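Residue numbers (the working numbering): 212 to 440. For every residue, glycine included, the Cβ atom is placed at its ideal position computed from N, Cα and C. Note that the structure is predicted; figures quoted are calculated from it, not measured. First comes the structure, then the notes that go with it.
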Amino acid sequence: MVEHTVNKSNSNLSTNIWGAEAILSKSEWLGNKAIKKVRIPKKYRIAPLDIELRKNRTATESKLLVAAKKNGVITPYIFEIDIVNTTIVMEYIEGKLVKSILDSELELQNKLNIVKEIGKQVGKLHNNDIIHGDLTTSNILERDTKFVFIDFGLGKFSSAIEDKAVDILLIKKCFISTHTEYNRELFLAFQEGYKETVSNFKTIFKRAVKVEARGRHLNEEQLFRDYLL
Ligand SMILES: Nc1ncnc2c1ncn2[C@@H]1O[C@H](COP(=O)(O)OP(=O)(O)O)[C@@H](O)[C@H]1O
Ligand SMILES: [Mg+2]
Numbered sequence: 212m213v214e215h216t217v218n219k220s221n222s223n224l225s226t227n228i229w230g231a232e233a234i235l236s237k238s239e240w241l242g243n244k245a246i247k248k249v250r251i252p253k254k255y256r257i258a259p260l261d262i263e264l265r266k267n268r269t270a271t272e273s274k275l276l277v278a279a280k281k282n283g284v285i286t287p288y289i290f291e292i293d294i295v296n297t298t299i300v301m302e303y304i305e306g307k308l309v310k311s312i313l314d315s316e317l318e319l320q321n322k323l324n325i326v327k328e329i330g331k332q333v334g335k336l337h338n339n340d341i342i343h344g345d346l347t348t349s350n351i352l353e354r355d356t357k358f359v360f361i362d363f364g365l366g367k368f369s370s371a372i373e374d375k376a377v378d379i380l381l382i383k384k385c386f387i388s389t390h391t392e393y394n395r396e397l398f399l400a401f402q403e404g405y406k407e408t409v410s411n412f413k414t415i416f417k418r419a420v421k422v423e424a425r426g427r428h429l430n431e432e433q434l435f436r437d438y439l440l
């Protein structure tokens, strides 16, 4: 259970949201509040490839949203999938973006509790070989002290240690770039939660060190202190 008192709603869509690759608009589906996510063409991509990519991501996102839910991680219910028109209609989550909660004046300890819980949930995803692919605090919403994961379009099913390590690195990078002030504390709290659900966490963290060292041309020892190993 996570306790906090932020009341800032960030995912309230009064107007459309132009995401990185989709337009999201509020709609209704059989009396339920819904959100319609339409992946839009990108001019810089060759047209036939562009449509294939958008269809694939729509299909992938739908499958992963469902798989995550089956495994006890909260995701929006899917109401409709239209692969041809690269559209998903899903449950509208009445909640706040975790990003805005972490940006708020909330006490640090409460923020750490939130992130620890998120670590547990990501652990559950990974235990079921679900890779999120875009793990950031803008892709997690908080509703009634529970966390709802969205935006699985770059994800995949994989049991590979490397893919799990890359997910871990994505959230680490998100803390560094978006929640800079407490990024270390946040990343450690995330790992605390992850450790509780993932038995082979050490193998995954060690791989994350390797991948990060490779990308940043750093000595692995310099990175070890960031990890609970
Ligand atoms: N089911 C939902 N309920 C409420 N808000 C949502 C939902 N899905 C997306 N959003 C809002 O729209 C934003 C962009 O959606 P997202 O699926 O992350 O698309 P993108 O791939 O463009 O990042 C999210 O950060 C969130 O604020
Ligand atoms: Mg997103």
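Is residue i near ligand 1, with its Cβ less than 7 Å from a heavy atom?
i, result
"aspartate 293", "no"
"isoleucine 246", "yes"
"proline 252", "no"
"glycine 230", "yes"
"leucine 346", "no"
"leucine 397", "no"
"glutamate 302", "yes"
"leucine 260", "no"
"alanine 270", "no"
"alanine 400", "no"
"alanine 279", "no"
"leucine 313", "no"
"alanine 233", "yes"
"leucine 308", "yes"
Taking the alpha carbon of residue i as the point to measure from, which residue in the options has its own alpha carbon closest?
i, options, result
"leucine 276", "Gly344, Gly404, Asn296, Arg395", "Gly344"
"isoleucine 262", "Arg250, Lys310, Thr348", "Arg250"
"leucine 352", "Leu313, Leu319, Arg425", "Leu313"
"methionine 301", "Lys310, Lys274, Ser315, Leu317", "Lys274"
"arginine 180", "Asp362, Thr347, Asn282", "One cannot answer for residue 180 here, as it falls past the ends of the chain, which runs 212 to 440."
"asparagine 282", "Ile382, Leu380, Thr347, Lys331", "Lys331"
"lysine 307", "Asn350, Val422, Lys367", "Asn350"
"glutamate 232", "Phe401, Lys253, Glu423", "Lys253"
"lysine 384", "Arg265, Leu346, Leu264, Val409", "Leu346"
"leucine 264", "Val420, Val409, Leu365", "Leu365"
"leucine 380", "Ser410, Ile342, Phe368, Val359", "Ile342"
"asparagine 321", "Leu397, Lys244, Leu235, Asn411", "Leu397"
"alanine 441", "Pro259, Phe360, Ile299", "It is not possible to answer for residue 441, since the shown part of the chain is limited to 212 through 440."
"lysine 310", "Thr348, Thr286, Glu316, Leu323", "Thr348"
"isoleucine 285", "Tyr303, Glu291, Ala270", "Tyr303"
Please tell me whether, using a cut-off of 7 Å, the distance from the CB of residue i to the nearest non-hydrogen atom of ligand 2 is below it.
i, result
"serine 273", "no"
"asparagine 350", "yes"
"aspartate 362", "yes"
"aspartate 374", "no"
What first and last residue would you give for the beta strand (DSSP E) that runs through residue i?
i, result
"glutamate 392", "It is not in any beta strand (DSSP E) - glutamate 392 carries neither H nor E in the DSSP assignment."
"valine 300", "298-302"
Return the first residue and the last residue of the alpha helix (DSSP H) that residue i is part of.
i, result
"threonine 414", "412-427"
"phenylalanine 435", "431-435"
Worksheet item: How do the segment 407-417 and the segment 375-389 stand: do at least 3 beta-carbon pairs fall below 8 Å, yes or no?
Response: The segment 407-417 vs the segment 375-389: in contact.
Worksheet entry | 3-residue-minimum beta strand (DSSP E) runs that sit fully inside the segment 304-360, ordered along the chain | Taking 3 residues as the shortest admissible run, the segment 304-360 contains the following complete beta strand (DSSP E) segments, listed from N- to C-terminal end: 351-354, 357-360.
Discussion item. Suppose only complete runs of 4+ residues qualify. What are the alpha helix (DSSP H) ranges in the segment 213-295, listed by chain order?
Written reply: The segment 213-295 contains these whole alpha helix (DSSP H) runs: 258-281.
Discussion item. So, does the segment 322-342 touch the segment 403-412, judging by three or more C-beta pairs under 8 Å?
Written reply: With the cut-off at 8 Å, the segment 322-342 and the segment 403-412 touch.
Fill in: Inter-stretch contact (C-beta, 8 Å, three-pair minimum) for the segment 295-307 and the segment 383-392
Output reads no: the segment 383-392 does not touch the segment 295-307.
Worksheet item: Do the segment 347-362 and the segment 424-433 touch if we need at least three Cβ pairs shorter than 8 Å?
Response: Fewer than three Cβ pairs drawn from the segment 347-362 and the segment 424-433 lie within less than 8 Å of each other, which leaves the two stretches out of contact.
Item to complete: Evaluate contact between the segment 332-340 and the segment 236-249, counting only Cβ atoms and requiring at least three cross-stretch pairs below 8 Å.
Response: These segments do not touch.
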